[in-house]
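K.L.:
Just so we're aligned: the sequence shown equals residues 0 to 41 in numbering that gives the first Met the number 0. C-beta atoms are modelled at their ideal positions from N, C-alpha and C, and glycine is treated no differently. The structure displayed is predicted, hence computed values, not measured ones.
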Amino acid sequence: MPDAIHGATAILNGCETFLTNDKRLESLSGINVVILSNFLSS
0 MPDAIHGATA ILNGCETFLT NDKRLESLSG INVVILSNFL SS
């Protein structure tokens, strides 16, 4: 839940990218979502 609140806050404040490790937020619309574990494993 906290990441969802952070995601909503990021969107409302015009952020372009949201960094998280919560894979449930990949479908968040209105912002690019980077999953930290995917980014670090590549």
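Where does glycine 6 land, buried or exposed, given buried means 16+ other C-beta within 10 angstroms?
P.N.:
Label assigned to glycine 6: buried.
K.L.:
For asparagine 20, I'd like the list of residues in its chain whose CB is within less than 6 Å of its CB, leaving aside the five on either flank, ordered along the chain.
P.N.:
The answer, listed in chain order, is Leu35 and Ser36.
K.L.:
Between valine 33 and leucine 18, is the Cβ-Cβ spacing less than 8 Å?
P.N.:
Cβ distance < 8 Å, so valine 33 and leucine 18 count as in contact.
K.L.:
To the nearest angstrom, report how far apart alanine 9 and leucine 24 are at their CA atoms.
P.N.:
Going from the Cα of alanine 9 to the Cα of leucine 24 covers about 13 Å.
K.L.:
Do you know whose CA, among Ser28, Met0, Lys22 and Pro1, lies nearest glycine 13's CA?
P.N.:
That would be Ser28, whose Cα lies nearest to the Cα of glycine 13.
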